[in-house]
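Here the numbering used here runs 1 ahead of the position in the sequence shown, where the first position is 1. Backbone N, C-alpha and C fix where the C-beta goes; we use that ideal spot for every residue, glycine too. Small disclaimer: the values here were computed from a predicted structure and weren't measured. Written below as structure tokens is the structure these notes are about.
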Amino acid sequence: MIDTQNPDAPRYPVFARSQDEVPFGVTPSQTVGPYVHIGLYPTWENSGNTVPEDAPGRITVSFNVIDGAGQPIGDAMIETWQADAEGRFNSPSDPRGAAEATPAGFRSLARVFADESGTIVVHTVKPGALPAEDGTAEAPHINVGLFARGMLERLYTRLYFPEDTDAHASDPVLSSVPEADRPKLIAEKTDRGYHLTIHVQNTDGRETPFFAL
């Protein structure tokens, strides 16, 4: 088809074949854009609380999300997924079978949008250790999924707790990370609970390790 209003416009051949047989060029890449907010906002009520306010062992975990220029990412969204205080999941997907949540009212998933300072806060409990292959165990940790404008796909990382030094040494996932990068996954103990800064990109060696799933 020729655009008579614009004779210099690109021309595309017409194929009298199934679209599955038509050759196409490479589709230009596009970023996710702000659509994560359109598709997921508002989140469900109390989406940053995995446990009731009066739950025993309730802690506060915070994150700061920083871009490659050292600036906070104010439109980031984090999802956390974790075991309960006993290291169990109330799900048939748990190979040990579903178990009643500990403490009562706990749910494994949280979803929170960052504020303008790139800060995200989750109220939860410290998870128990998880059994791994070959009789080993994964140290207590929180799985973290990160979405933000400009990302083509979600980033996955983990938060470990600073007091579990012995368990870190045998954790098979943490052990797969270069030794110099492991401290980047270990939260800082604070007066409120725990804090982890996530550097999405950095050329000075501060970039957070991310996992391919």
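Beta bridge pairing from DSSP links V66 with I199. CA-CA distance, H200 to G49, rounds to 21 angstroms. Apart from the 5 residues on each side of it in sequence, Q202 sits with its Cβ closer than 7 angstroms to the Cβ of D68, G69 and E208 in its chain, given in chain order. Annotated three-state conformation of A181 is helix, per DSSP. Taking the C-beta atoms as reference points, A130 is found no nearer than 7 angstroms to G98. For L160, the closest alpha carbon among the candidates A149, M152 and D182 is that of D182.
About 6 angstroms separates the beta carbon of V52 from that of V126, a gap short enough to meet the 8 angstroms contact definition. Contact annotation: G119 and V66 have beta-carbon atoms nearer than 7 angstroms. A distance below 7 angstroms between beta-carbons, with the five flanking residues on each side excluded, links A133 to the following residues of its chain, in chain order: E139 and P173. For V52, the three-state secondary structure derived from DSSP is coil. A residue is called buried once 16 or more other Cβ atoms fall within 10 Å of its Cβ, and R112 is buried on that count. Of the candidates E80, P104 and T158, the residue whose Cα lies closest to the Cα of N91 is P104. Contact between F64 and L186 does not hold, since the beta-carbon distance rounds to 12 angstroms and is not under 8 angstroms. Taking the C-beta atoms as reference points, F148 is found nearer than 7 angstroms to M78.
If you ignore the 5 residues before and after L175, its C-beta comes within less than 7 angstroms of the C-beta of A140, Y161, H169, R183 and L186, all in its own chain and listed in chain order. Rounded to the nearest angstrom, the gap between the Cα atoms of E117 and F212 is 26 angstroms.
Per DSSP, the continuous alpha helix (DSSP H) segment holding L175 begins and ends at P173 to S176.
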